[in-house]
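K.L.:
In the working numbering, the protein residues as written are 28 to 79. If you scroll down you'll find the structure; I have some questions about it.
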């Protein structure tokens with residue numbers, strides 16, 4: 028789906044909000060070390076086009 032529906036985001040005067048998150052769980056339920064995967068995404072204001 029993502030490969031077939033690729034769009035360009037941004038441009039002059041267009042705002043794109045970008046964020047990241049790490050999905051996973053803490054190892055042995057201690058400390059701040061989290062095993063998992065990073066996920067990056069963004070959304071274009073106005074048109075609501077997005078990417079992950």
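Think of the CB as a built atom: it goes at the ideal place given N, C-alpha and C, for glycine as much as any other residue. The model shown is predicted, which means the values in this text are computed figures rather than measured ones.
1. Under 9 angstroms between the Cβ atoms of residue 67 and residue 44?
2. Relative to the C-alpha of residue 50, which residue among 72, 63, 76, 32 is closest?
3. List the endpoints of the continuous beta strand (DSSP E) containing residue 68.
P.N.:
The relevant details are as follows:
1. Not closer than 9 angstroms, so no.
2. Considering only 72, 63, 76, 32, the residue with the shortest C-alpha distance to residue 50 is 63.
3. Taken as a continuous stretch (DSSP letters only), the beta strand (DSSP E) holding residue 68 covers 61–71.
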